[in-house]
Structure formats: C-alpha cells, structure tokens
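Colleague: First residue of the sequence shown? That's 5 in this note's numbering, and the numbers climb one at a time after it. Pasting a structure below so you can have a look.
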Amino acid sequence: MQNSIASGLMTDPYGTYAGLREAGPVHRITGPDGRPAWLVTRYDDVRRALADPRLSLDKRNATPGNYAGFSLPPALDANLLNMDPPDHTRIRRLVVKAFTPGRVDKLRAPVRRIAGELLDAVEADGRTDLLASYAGPLPITVICDLLGVPQEQRPDFRSWTDALITPDPARPHLMKEAIGNMMRFFTDLIASKRATPGDDLLSDLVAVRDGGAGDGADGADRLSEDELSSLAFLILFAGYENTVHLIANSVLALLDHPALTDSLRANPAGLAAAVEEFMRWDGPASLAIRRFPLENVDIGGVTVPAGETVLLSLASANRDPHHFSEPDRLDLNRDRSGHLALGHGIHHCLGAPLARMETEIALAVLLERFPGLALDGAREDVARRPSIRASGLISLPVRW
C-alpha cells in the first residue's frame, strides 16, 4: 500500500476511504504484508462480493507468492475463516445453534450480572481504563463461560490477540510466543474436556469429534482433530476480538455525543437500535476476511484476476453516501438496515447475536451505574490501534 494511503487508513480511515470511494470503486494497492491486493470501497460492490461464491476464503486458492497472512499451525488454521462450502457448511452447522437469538437471549441475565461485577470492582476508584477493566473482560468472560473454560485457566487473551492482530515489528517474537501459548492452551483444554466433560459448548464439540458424527446420522458432520481445536480457537478469538472493540467504540461514541447519551439514559429501550448505528458508524472490523477469486471476476467494472487478494472494506461501505444519507453523522433515528459491520452472506459473523446483546447490556449497565461518566484526559489522547483491519482502541481512560 502506498505510504500515503497506509498512513491515512491508520490515522484518518474514514476520511481516506471517502477519497478512495470518490476516486473509484476498486483500487490496486500494496497491502500491509507488502503484497499486492485489490481494495473494494463502495457499498453495493462490497455487499455483492461478500456473498459471491467465486470469491474463496481458502488460502490454497491464492496465487503462489501473492499472499502471506498469518502463519498459524494446522491445529489453529483449520477454521471457518479459511473455508468454503462444503467444509464451511459442515462445521458452521455444528455451532450455529449455540448463537441463535433464542439461546443468546437466555444469556442476558448472566451477562448483566458479569457487567455489574466488573463495575463493582472499579467503582470506588473513580477512574479506570474501561477497555482493560470492562470492555475486554466482559466478552472474554462470556465466551469462556460458553465454552466451559475454568476460571483459573483463563489466559491473558488480550495480549495474545493483540500480538496477532497488531504485531509489533520491533518484537516479532511476541507473535510466535502468542501462537505457542494458544496451541498449548487449546491442547490442554480439549484434553481436560475429554477427561471430564461438562455442560458446555466445547464438551459437546469434543463429543461430536470422538463420536464421529453430529446431528447427521450418516456421519456427515465429522470433525478432524485440527478442525476441533481450530473451531475452539475461532470461537474464543472472534467472540472476544469483535465484541471488545464494538463495546469500546460505542462508549467512545457516546462520550463524543453527550446529547445522545442523555437520550439513551432516559430511554434505555432504544439501546438495541443504537447498537446497530454504532456498528455502522464505527464497527469493530474495517476489512472483511480476504478473498481469492476462483476465476477472473468483475467487481465494480474492474477485472480482478483469479488468485489475487481481494480486501472488502466494511468501514468504507458503511459510510457510502449512495446508501446512507449523511453517513459521517451518528444518527440513532436513521434507517441503518443493511449495514455490513458483521459481514453478509454465508460468512456473516456467527456470533453476531451475542455481540449485539453483550454490547447493548454493557452500555445499559454502564449508563445506569455511572451517570457522570467522562473521558479521563484529552480526547486527542485516545489512541486507536495501528491497524487497517481492526477498528479499535488501545485504551479508554474514563472517570466518574
């Protein structure tokens, strides 16, 4: 990616995307890994591409030497983010029932309890880094409870995910260490579930693996050992990564718009709809998972050759003025239907109902408990993560 564009997407992503959308629908760039890629910026093109079966997630369909990406071991790499149908369909079917709106709704009371306990722990201090003490611990606690991770075995997952998503070029060993820690963690966790199954999602998946079949009587829902550990990794990784940034970005949006905060405090029933606008306005992922065309594909009138890397900008699509009126304005009363913050098509975020619910409750409890919530310091000191892929904060210092 040219230095000016790379810098712009780090420091002013929405302004940079506005210029790119105006200049054209698809741009040939140099990606963060130094490899060429095609960046798609307009809503209609991004939405169509997200659901286009000719755009593969399987890295084996990349032209040799065209794509680098994460270098994960097979025990973590055989996950839904690298799969197309029929493997994607087979594995997603095994876990989708855990994230239906009905099942997620049953978690509302436990999530509210966890949120209250996290705020209890910091209330007397009068100030905190809300990312470290609330927005981060809430989703990791929820997803660990869902998977059945014992309290004493819960790792410093934030440091691991940070090492993967925003690696430090000066300390490349941190990514290798994080991957090694994850490998050991999931190996030990699966072994413990085999020895002592519990009433949790991971125990159910281990039973599917060891029994040889899931819901399909013909054994169509089989899991390999690598697929089992990779699925556990993805549920924990994605269940944390998307939600922590959605909560923190939403809180910052409220702090930047005090009139909206007062309105939601007076009418908390509006929070569910507000979360949708927060996702559209500043969602947790700037880019969807990269795609590789299985054949030459026309996107926005541009022919993208087979095997080359395609980057679909969710952030840019959600600020496209041809789809959303005054897209840079945070408007809780707008029609934000069709936003792409959590994807679209068969690869739409599996945990979207859970992320929505956690964010809604996190904001509700925070507004109830801390009516005097404010930034603890200057607004310009709130730093964003140096990433063109994830849209999140490094920290969120607040006081009350």
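Heads up, the beta-carbon is just placed ideally off N, CA and C, and yes, glycines get one too. Model, not experiment: these values are computed from the prediction.
Taking all protein chains shown into account, do 16 or more other C-beta atoms lie within 10 angstroms of the C-beta of G184, making it buried, or fewer, making it exposed?
Modeller: What you label residue 184 is simply residue 180 of the sequence shown in a count that begins at 1. G184 is exposed by the Cβ-count criterion.
Colleague: Going straight from the alpha carbon of G218 to that of A79, what length do you get?
Modeller: Taking the first residue of the sequence shown as 1, we reach residue 218 at position 214. Taking the first residue of the sequence shown as 1, we reach residue 79 at position 75. For G218, the pLDDT reaches just 46, beneath the cut-off of 50, and the residue's location in the model is therefore unreliable, leaving the point undetermined.
Colleague: Ignore the nearest five residues each way along the sequence and tell me which others in V30's own chain have a CB closer than 6 Å to its CB.
Modeller: Residue 30 sits at position 26 when you count from the first residue of the sequence shown. Once the five neighbours on either side are set aside, the close Cβ partners of V30 are W42, V44, I303, G304 and V306.
Colleague: Roughly how many whole angstroms lie between the Cα atoms of G120 and D208?
Modeller: Working through the sequence shown from its first residue, we reach residue 120 at position 116. Working through the sequence shown from its first residue, we reach residue 208 at position 204. Going from the Cα of G120 to the Cα of D208 covers about 29 Å.
Colleague: Just to confirm the assignment: which complete beta strand (DSSP E) runs, minimum length 3, are found wholly within the segment 207 to 266?
Modeller: Whole beta strand (DSSP E) segments, 3+ residues: zero.
Colleague: Check whether the segment 174 to 190 and the segment 159 to 166 touch, using three or more Cβ-Cβ pairs below 8 Å as the test.
Modeller: The segment 174 to 190 is in contact with the segment 159 to 166.
Colleague: For K180, I'd like the list of residues in its chain whose CB is within less than 7 Å of its CB, leaving aside the five on either flank, ordered along the chain.
Modeller: Translated into the one-based positions of the sequence shown, residue 180 becomes position 176. Excluding positions up to five away in sequence, the list is empty.
Colleague: Taking all protein chains shown into account, do 16 or more other C-beta atoms lie within 10 angstroms of the C-beta of T200, making it buried, or fewer, making it exposed?
Modeller: Along the sequence shown, one-based indexing puts residue 200 at 196. Exposed, since its Cβ has fewer than 16 Cβ neighbours within 10 Å.
Colleague: Take T93 as the anchor and find which of R46, L227 and P17 has the nearest alpha-carbon.
Modeller: Taking the first residue of the sequence shown as position 1, residue 93 is located at position 89. For T93, the nearest C-alpha among the options comes from L227.
Colleague: Which residues does DSSP pair with F296 in a beta bridge?
Modeller: Here residue 296 is taken as the residue at index 292 of the sequence shown, counted from 1. S60.
Colleague: Do L258 and S265 have their beta-carbon atoms positioned less than 7 Å apart in this structure?
Modeller: The sequence position of residue 265 within the sequence shown is 261, counting from 1. The sequence position of residue 258 within the sequence shown is 254, counting from 1. This sequence places Thr at residue 265; Ser is not what is there. In contact: T265 and L258 (Cβ atoms closer than 7 Å).
Colleague: Can we say the segment 104 to 111 touches the segment 63 to 78, given the rule of at least three CB pairs closer than 8 Å?
Modeller: No, the segment 104 to 111 does not touch the segment 63 to 78.
Colleague: If we ignore side chains and look at the alpha-carbon of each, how far apart do D230 and A236 end up?
Modeller: What you label residue 230 is simply residue 226 of the sequence shown in a count that begins at 1. What you label residue 236 is simply residue 232 of the sequence shown in a count that begins at 1. For D230 and A236, the distance between alpha carbons rounds to 10 Å.
Colleague: Give the range of the beta strand (DSSP E) segment to which I350 is assigned.
Modeller: Locating residue 350 in the sequence shown gives position 346, counting from the first residue. I350 -> no beta strand (DSSP E), and no H or E assigned at all.
Colleague: Can you look up E386 in the DSSP assignment and give me helix, strand or coil?
Modeller: Locating residue 386 in the sequence shown gives position 382, where the first residue counts as 1. Residue 386 is actually Val in this sequence, not Glu. Coil, per DSSP.
Colleague: Span of the alpha helix (DSSP H) holding W164?
Modeller: Residue 164 sits at position 160 when you count from the first residue of the sequence shown. Residues F161 to I169.
Colleague: Pick out whichever of V212, V386 and R294 has its Cα sitting closest to the Cα of R39.
Modeller: Indexing the sequence shown from 1 puts residue 39 at position 35. It is R294 whose Cα lies nearest to the Cα of R39.
Colleague: Alpha carbon to alpha carbon, what distance is there between L142 and E127?
Modeller: On the sequence shown, position 123 is the one that residue 127 refers to. On the sequence shown, position 138 is the one that residue 142 refers to. The alpha-carbon atoms of E127 and L142 are separated by roughly 16 Å.
Colleague: Please work out which residues of its chain come closer than 7 Å, Cβ to Cβ, to T165, disregarding the five sequence neighbours upstream and downstream, and give them in chain order.
Modeller: By 1-based counting over the sequence shown, the position of residue 165 is 161. F241, Y244 and E245.
Colleague: Less than 7 Å between the beta carbons of A252 and L123, yes or no?
Modeller: As a first step, residue 252 must be located in the sequence shown, where it is residue number 248. As a first step, residue 123 must be located in the sequence shown, where it is residue number 119. No, these two residues do not count as a Cβ contact at 7 Å.
Colleague: Quick check on the DSSP output: the beta strand (DSSP E) that includes R32 runs from which residue to which?
Modeller: The sequence position of residue 32 within the sequence shown is 28, counting from 1. Per DSSP, R32 belongs to the beta strand (DSSP E) from V30 to T34.
Colleague: In whole angstroms, what separates the C-alpha of I194 from that of Q157?
Modeller: If you number the sequence shown from 1, residue 194 lands on position 190. If you number the sequence shown from 1, residue 157 lands on position 153. The alpha-carbon atoms of I194 and Q157 are separated by roughly 12 Å.
Colleague: Got a sec? Which residues, its chain only, sit under 6 Å from D385 by beta carbon, not counting five neighbours each side?
Modeller: One-based indexing of the sequence shown puts residue 385 at position 381. Excluding positions up to five away in sequence, the list is empty.
Colleague: Let me know the secondary structure DSSP gives A27 once reduced to three states.
Modeller: Counting from one through the sequence shown, the residue named residue 27 turns up at place 23. Reduced to three states, the DSSP call for A27 is helix.
Colleague: Looking at C-beta atoms only, is the number of pairs between the segment 338 to 349 and the segment 279 to 286 that lie closer than 8 Å three or more?
Modeller: Result yes; three or more Cβ-Cβ pairs closer than 8 Å.
Colleague: So, are the CB atoms of K421 and V210 less than 7 Å apart?
Modeller: Outside the displayed range of the chain (5 to 404) lies residue 421, so it cannot be described from this structure.
Colleague: Among the residues of its own chain, which have a CB less than 6 Å from the CB of C353, if the five just before and after it don't count?
Modeller: Translated into positions along the sequence shown, residue 353 becomes position 349. So the list reads L346 and G347, once near-sequence residues are dropped.
Colleague: Relative to the alpha-carbon of L316, which residue among S11, D48 and A273 has its alpha-carbon at the smallest distance?
Modeller: Along the sequence shown, read from residue 1 onward, the residue named residue 316 stands at position 312. The residue with the shortest Cα to Cα distance from L316 is D48.
Colleague: What whole-angstrom Cβ distance do L168 and L400 have, given they're in contact under 8 Å?
Modeller: As a working mapping, residue 168 is identified with position 164 in the sequence shown. As a working mapping, residue 400 is identified with position 396 in the sequence shown. 21 Å between Cβ atoms; not a contact.
Colleague: Where does I303 fall in DSSP's three states?
Modeller: Reading the sequence shown from its first residue, position 299 is the one you call residue 303. Strand.
Colleague: Does the beta carbon of E330 come closer than 7 Å to any beta carbon on chain B?
Modeller: Protein chain content of the structure displayed is limited to a single chain, and chain B is not contained in it.
Colleague: Is the number of C-beta pairs between the segment 358 to 368 and the segment 318 to 326 that are closer than 8 Å three or more?
Modeller: Contact between the segment 358 to 368 and the segment 318 to 326 is absent, because fewer than three Cβ pairs lie under 8 Å.
Colleague: Please state the DSSP three-state secondary structure of L268.
Modeller: Residue mapping note: residue 268 aligns to position 264 of the sequence shown, counting from 1. Three-state result, L268: helix.
Colleague: Pull the bridge partners of R403 from the DSSP assignment, please.
Modeller: Along the sequence shown, one-based indexing puts residue 403 at 399. The partner list for R403 (beta bridge, DSSP) reads R131 and A378.
Colleague: Out of S391, E372, R389 and S329, point me to the one whose CA is closest to E404's CA.
Modeller: For the purposes of this step, residue 404 is taken as the residue at position 400 of the sequence shown. Looking at the sequence itself, residue 404 is Trp, so the reference to Glu does not match. Cα-wise, what sits closest to W404 is E372.
Colleague: When the Cα of M14 is compared with those of A53, S290 and L84, which residue comes out closest?
Modeller: Translated into positions along the sequence shown, residue 14 becomes position 10. Residue S290 is the option with its Cα nearest to M14.
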